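To keep things clear, I will list the structure first and then write my remarks on it.
Number of protein chains: 2
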Amino acid sequence: MDNFTFYSPTYFVFGKKEETNVGHYVKRFGGSKVLLHYGGTSAARSGLLDRVKSSLEECSIPYVELGGVKPNPRSGLVYEGIDICRKQNVDFVLAVGGGSVIDSSKAIAAGTVYEGDFWDFYQGKKVEKALPIGTILTIAAAGSEGSPDSVITNENGMYKRGASGEGFRPTFSILNPELTQTLPAYQTACGITDIMAHLFERYFTTSKEVEVTDRMIEGLLLTMVHEGLRVIEEPDNYQARANIMWAGMMAHNNSCGVGRVQDWSSHDMEHELSAIYDCAHGAGLAVVFPAWMKYVYKNDVMRFAQVASRVWGCSMDFSNPENTAVAGIRAFEDYLKKIGMPSTLRELGAKEEDIPKLAHTACFGDGRNGQIGGFVGLKEQDVIKIYQLMV
Amino acid sequence: MDNFTFYSPTYFVFGKKEETNVGHYVKRFGGSKVLLHYGGTSAARSGLLDRVKSSLEECSIPYVELGGVKPNPRSGLVYEGIDICRKQNVDFVLAVGGGSVIDSSKAIAAGTVYEGDFWDFYQGKKVEKALPIGTILTIAAAGSEGSPDSVITNENGMYKRGASGEGFRPTFSILNPELTQTLPAYQTACGITDIMAHLFERYFTTSKEVEVTDRMIEGLLLTMVHEGLRVIEEPDNYQARANIMWAGMMAHNNSCGVGRVQDWSSHDMEHELSAIYDCAHGAGLAVVFPAWMKYVYKNDVMRFAQVASRVWGCSMDFSNPENTAVAGIRAFEDYLKKIGMPSTLRELGAKEEDIPKLAHTACFGDGRNGQIGGFVGLKEQDVIKIYQLMV
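Protein chains in written order, with the working numbering: chain A, 2 to 392; chain B, 2 to 392.
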């Protein structure tokens with residue numbers, strides 16, 4: 002196990018109706034004027050936004066609203082948010098939404114207290130300071146409610162990049178599984194895929210003897226396999242939603258990923274797709290991840306056999322472990338099909354002729370040095386071949 | 002899943018040689034004068050104490066020393082520590098040791114800033130404020146490095162009680178697995194047993210549909226089964242020590258225990274043993290836990306069959322699941338024997354004739370209302386029968 006530090010100081014409030022206490026938590030964590038940041042109309046339609054405003058008003062906390070965050074959140078709205086926070090002396094950013102809203106909030110929170118261009122953080126500068134951030138999560142997926150990460154699409158070139166740093170950890174996150182019960186099946190499935198992808202990115206590693214993190218990841222994957230299928234069958238099953246919601250946080254706060262090399266090339270390849278074709282991130286991952294697995298599994302057949310056996314319940318072929326490894330990848334593909342996810346570039350709206358450009362940007366765009374991936378280092382030619390497996 | 006809050010703001014620093022940076026972390030978390038609290042002579046003999054002092058001196062941080070913490074830490078030394086901190090204006094408590102030293106440090110840290118008797122916290126008062134606490138862990142066991150809990154033995158009556166509260170979460174904890182490589186096998190095994198007990202106390206629950214926490218606990222138990230045996234065979238195996246050390250923290254910071262009823266009656270029964278006979282807490286748990294399992298498993302045979310199958314690899318007897326449940330308990334007993342743990346009261350120095358007194362104190366001592374246990378409620382007569390199973 003490699004040396005590491007782990008710091009997750011977010012106060013998590015989990016359960017029914019907890020969003021009605023949000024004013025109390027904003028106060029507790031030092032907010033006196035709030036930017037209320039959200040996405041489209043669903044938070045308003047469902048009455049969630051009204052409950053949040055009531056709670057803020059009860060606690061006499063003034064707020065400024067900024068809605069309109071889109072999936073794959075854009076730099077333009079971030080600049081707008083920074084401008085509002087500065088001009089109106091906002092000292093707390095409250096995100097009401099999913100990963101996109103939270104990521105946009107993080108960018109605004111860091112950008113407000115930074116003299117330079119907030120995009121510097123998305124080109125590698127560590128985020129140390131930011132306005133305090135609170136979240137009310139409406140979809141279990143990105144894990145941004147407990148992570149030090151944010152992903153934003155730069156409208157100047159349409160590329161998607163991540164930033165990271167302790168300043169991005171929310172001060173509190175309210176997780177009410179009820180809020181996810183009304184999600185359309187497709188969005189729910191995208192969230193499930195994203196959570197599983199966060200686990201696989203950590204699972205496929207060159208680090209040896211990392212039993213504790215292997216076993217925790219496997220436990221979370223087993224949860225997703227079981228509860229993911231259940232929630233697609235029974236969308237308003239509170240318990241299934243609750244198990245998925247906590248698994249989504251645990252999958253990405255990194256307690257199960259510490260001290261080991263991680264991969265992340267599938268995320269890099271997917272980011273090019275959702276940046277250009279504006280497909281859902283989870284749907285993109287459903288197409289990318291199995292293709293990546295097929296391309297790289299021969300680099301460590303036994304690790305792929307292990308996950309096939311422990312998570313997918315494939316029986317181990319001791320005379321030819323490769324059969325087990327391949328069976329595990331097939332089981333993942335079958336699972337994705339069952340929850341309604343796509344499997345080809347075409348279904349994402351992506352074009353085969355764009356592959357060279359996609360591969361080039363994935364490997365060289367914005368500060369990258371031509372290679373991606375911690376488990377297997379992939380160069381442009383490898384990435385082209387992986388995209389071709391998605392046709 | 003029940004509603005819950007989860008807050009673990011400790012900064013964890015994990016890996017080789019990290020104790021040499023302790024001065025830096027004391028500064029980062031606001032300490033300007035330190036109480037250096039430790040146990041017997043081993044920290045001095047191994048050179049650890051010198052390395053810690055050098056680091057504090059390099060960072061120009063003055064310190065006062067208070068050694069002498071014993072296993073099952075006592076109230077007397079806590080009063081002494083509080084007195085020192087107040088008289089010498091100490092503003093940071095640094096624990097160098099295992100759970101006993103950390104628990105004693107927590108009591109001192111809370112008592113110093115509290116007007117009344119620190120024992121109030123051990124009689125149910127929540128710990129909200131305390132001096133900041135840092136830890137350098139020397140044994141993987143109690144999980145106190147990442148928990149909001151502390152257990153102290155009151156010398157006035159020799160009873161052992163726990164206190165809890167956010168004020169008890171350490172600001173930082175340094176976990177260097179190297180420091181545990183020189184532990185005697187018996188102490189290592191006691192630590193392994195304690196970690197597994199923390200997992201079982203959470204696992205046995207009346208809560209339904211708690212897949213995510215079930216699977217995480219099982220993952221950590223599987224880690225302990227594998228790495229525990231390995232470390233007894235190979236005491237200086239860094240990787241096995243590292244996996245156990247992170248599992249020990251995860252087992253007790255409660256991320257795998259949230260939103261579910263927990264049991265804790267085995268800990269209550271054990272505390273009477275170690276308070277009176279001064280046996281090692283882990284050794285006491287090795288005697289108590291299997292006896293408790295045998296007494297209660299019929300209340301939920303399928304849960305016991307589940308852990309038998311998923312953790313101990315027992316094959317499921319579908320026509321008679323009770324056989325599987327019992328096989329799992331036997332597998333745990335065999336495991337404890339293999340790592341060198343005792344199985345009877347006699348081996349702990351406890352006397353059969355004391356059973357009625359032990360059972361009475363466990364159920365009624367110091368604020369208890371005659372019943373213990375969240376999975377199965379146990380009254381005095383039940384507890385007597387469970388102690389008798391240990392004869």
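C-beta: ideal position from N, C-alpha, C; glycine also. This one's a predicted model, so the numbers in the text were calculated from it and none came from an experiment.
DSSP on B/THR181, reduced to helix/strand/coil?
The residue given as residue 181 of chain B occupies position 180 in the second sequence. In this structure, B/THR181 counts as helix in the three-state DSSP scheme.
Please return the same chain residues whose Cβ sits closer than 6 Å to the Cβ of A/THR214, not counting the five positions on each side in sequence.
Here residue 214 of chain A is taken as the residue at index 213 of the first sequence, counted from 1. The residues are CYS257, ARG261.
Chain-ordered neighbours of B/GLY260 on chain A, where CB pairs are closer than 8 Å:
Within the second sequence, the letter at position 259 stands for residue 260 of chain B. What B/GLY260 touches in chain A: PHE15, GLY16, ALA243, TRP247.
With a 10 Å radius around its C-beta and 16 neighbouring C-beta atoms as the bar for buried, classify A/ASP335 as buried or exposed.
In the first sequence, residue 335 of chain A corresponds to position 334, counting from 1. Exposed, because fewer than 16 other Cβ atoms sit within 10 Å of the Cβ of A/ASP335.
Between B/VAL65 and the ligand GTP, is there a pair consisting of the residue's CB and a ligand heavy atom that are separated by less than 8 Å?
The model on display carries no ligand, and the ligand GTP is accordingly not part of it.
Run of the alpha helix (DSSP H) containing B/ASN324, from where it starts to where it stops
As a first step, residue 324 of chain B is located in the second sequence; it is residue number 323 there, counting from the start. Taken as a continuous stretch (DSSP letters only), the alpha helix (DSSP H) holding B/ASN324 covers 322-339.
Per the DSSP calculation, B/PHE365 is bridged to which residue(s)?
In the second sequence, counting from the first residue as 1, residue 365 of chain B sits at position 364. None; B/PHE365 has no bridge partner.
List, in order along the chain, the chain B residues whose C-beta lies closer than 7 Å to that of A/PRO10?
Translated into the one-based positions of the first sequence, residue 10 of chain A becomes position 9. Result: PRO10.
Compute the Euclidean distance between the alpha carbons of B/ASP1 and A/GLY135, then round it to the nearest angstrom.
Since the first and last residues shown for chain B are 2 and 392, residue 1 of chain B lies out of range.
Through-space distance from B/LEU200 to B/THR189, alpha-carbon basis
Within the second sequence, numbered from 1, the residue matching residue 189 of chain B stands at position 188. Within the second sequence, numbered from 1, the residue matching residue 200 of chain B stands at position 199. Those two C-alpha atoms are separated by around 17 Å.
Just to make sure I have the definition right: I need the residues of chain B whose C-beta is within less than 7 Å of the C-beta of A/GLN240. Which are they?
As a first step, residue 240 of chain A is located in the first sequence; it is residue number 239 there, counting from the start. Going along chain B in sequence order, the residues near A/GLN240 (Cβ under 7 Å) are MET2, GLU210.
Helix, strand or coil for A/PRO63? Go by DSSP, reduced to three states.
Working through the first sequence from its first residue, we reach residue 63 of chain A at position 62. Coil.
Between the alpha carbons of A/GLY285 and A/GLY314, how many angstroms are there, rounded?
As a position in the first sequence, residue 285 of chain A is number 284, starting the count at 1. As a position in the first sequence, residue 314 of chain A is number 313, starting the count at 1. Approximately 26 Å between the Cα atoms of the pair.
Between which two residues does the beta strand (DSSP E) harbouring B/PRO10 extend?
Taking the first residue of the second sequence as 1, we reach residue 10 of chain B at position 9. 5-15 is the extent of the beta strand (DSSP E) around B/PRO10.
Taking 7 Å as the limit between beta carbons, can you name the residues of its chain near B/TYR39, skipping five residues before and five after?
On the second sequence, residue 39 of chain B is found 38 positions in, with the first residue counted as 1. If we look at B/TYR39 and ignore the five residues flanking it on each side, its Cβ neighbours are LEU50, GLY68, VAL70, VAL97, GLY98, VAL102.
Out of curiosity, what's the CA-to-CA distance linking B/LYS338 and A/GLU219?
For the purposes of this step, residue 338 of chain B is taken as the residue at position 337 of the second sequence. For the purposes of this step, residue 219 of chain A is taken as the residue at position 218 of the first sequence. Distance between the alpha carbons of B/LYS338 and A/GLU219: 28 Å.
Given B/ASN324 as reference, the closest of B/ILE340, B/ASP279, B/ARG304, B/PHE173 once Cα atoms are compared
Locating residue 324 of chain B in the second sequence gives position 323, counting from the first residue. B/ASN324 has its Cα closest to that of B/ARG304, out of B/ILE340, B/ASP279, B/ARG304, B/PHE173.
Cβ-based neighbour list, A/PRO133, same chain, cut-off 7 Å, excluding 5 preceding and 5 following:
Sequence index remark: in the first sequence, residue 133 of chain A carries index 132 (1-based). These residues qualify, in order along the chain: PHE30, GLY31, GLY32, PHE93, THR172.
B/VAL14 and B/ILE62: beta carbons closer than 9 Å?
Locating residue 14 of chain B in the second sequence gives position 13, where the first residue counts as 1. Locating residue 62 of chain B in the second sequence gives position 61, where the first residue counts as 1. No, they are not a contact pair.
Every unbroken alpha helix (DSSP H) inside the stretch 226-277 of chain B [4 residues or more]:
239-253
Name, please, each residue of chain B whose Cβ falls closer than 8 Å to the Cβ of A/SER256.
As a first step, residue 256 of chain A must be located in the first sequence, where it is residue number 255. Those are MET251, SER256, listed as they occur along chain B.
Would you say A/ALA45 reaches chain E, if we count a Cβ-Cβ gap shorter than 9 Å as a contact?
Among the chains of the structure shown, chain E does not appear; the protein chains present are A and B.
Could you name the residues that DSSP lists as bridge partners for B/LYS161?
Along the second sequence, one-based indexing puts residue 161 of chain B at 160. Looking at the DSSP assignment, B/LYS161 forms a beta bridge with B/THR154.
Buried or exposed (CB count within 10 angstroms, at least 16 for buried), B/ASP264
Working through the second sequence from its first residue, we reach residue 264 of chain B at position 263. Answer is buried; the Cβ neighbour count reaches 16.
Beta-carbon spacing of B/TYR123, B/ASN90 below 9 Å:
What you label residue 123 of chain B is simply residue 122 of the second sequence in a count that begins at 1. What you label residue 90 of chain B is simply residue 89 of the second sequence in a count that begins at 1. Not closer than 9 Å, so no.
Out of A/ALA141, A/LYS209, A/CYS364, A/LYS161, which has the shortest C-alpha to C-alpha gap to A/THR183?
In the first sequence, counting from the first residue as 1, residue 183 of chain A sits at position 182. Looking at the Cα atoms, A/ALA141 is the closest of the given residues.
Please list, in chain order, all residues of the same chain as A/ALA186 whose beta carbon is under 7 Å from its beta carbon, the five residues on each side excluded.
Position 185 of the first sequence, counted from the start, is the residue given in the question as residue 186 of chain A. Counting only Cβ-Cβ distances below 7 Å, and skipping sequence neighbours, we find ILE233, PRO236, GLY341.
Taking the C-alpha atoms as reference points, what is the distance between B/GLY393 and A/ASN244?
Because chain B is modelled from 2 through 392, residue 393 of chain B falls outside the range shown and cannot be assessed.
How far does the alpha helix (DSSP H) with B/GLY24 in it reach, from first residue to last?
Working through the second sequence from its first residue, we reach residue 24 of chain B at position 23. Taken as a continuous stretch (DSSP letters only), the alpha helix (DSSP H) holding B/GLY24 covers 23-29.
Give me, in chain order, the residues of the same chain whose beta-carbon lies closer than 7 Å to that of B/PHE119; leave out the 5 immediate sequence neighbours on both sides.
As a first step, residue 119 of chain B is located in the second sequence; it is residue number 118 there, counting from the start. Same-chain partners within the cutoff: VAL79, ILE83, ALA108, ALA111, GLY112.
Identity of the residue in A/GLU167, A/MET197, A/SER56 nearest A/THR224 by Cα
Here residue 224 of chain A corresponds to residue number 223 of the first sequence, with the count starting at 1. That would be A/MET197, whose Cα lies nearest to the Cα of A/THR224.
Looking at A/LYS17: is its Cβ nearer than 9 Å to the Cβ of A/GLU146?
Taking the first residue of the first sequence as position 1, residue 17 of chain A is located at position 16. Taking the first residue of the first sequence as position 1, residue 146 of chain A is located at position 145. No, these two residues do not count as a Cβ contact at 9 Å.
Could you work out which residues of chain B lie near A/GLU200, taking near to mean beta carbons separated by less than 8 Å?
As a working note, residue 200 of chain A is residue 199 in the first sequence. Before going on, a small fix: residue 200 of chain A reads as Leu here, not Glu. Those do not exist, as A/LEU200 stays about 12 Å from chain B at its closest Cβ, beyond 8 Å.
Determine the closest residue to B/ASN254 out of B/ILE373, B/GLU19, B/THR139, B/ARG170, with distance taken between C-alpha atoms.
Start at 1 with the first residue of the second sequence, and residue 254 of chain B comes out as number 253. Checked all of B/ILE373, B/GLU19, B/THR139, B/ARG170; the closest Cα to B/ASN254 is B/ARG170.
Measure the Cβ-Cβ separation of B/GLY100 and B/GLY144 and say whether it is below 9 Å.
Counted from its first residue, the second sequence places residue 100 of chain B at position 99. Counted from its first residue, the second sequence places residue 144 of chain B at position 143. Cβ distance < 9 Å, so B/GLY100 and B/GLY144 count as in contact.
Whole-angstrom distance between A/ILE356 and A/GLY371, CA atom to CA atom:
As a working mapping, residue 371 of chain A is identified with position 370 in the first sequence. As a working mapping, residue 356 of chain A is identified with position 355 in the first sequence. So the alpha carbons of these two residues sit roughly 16 Å apart.
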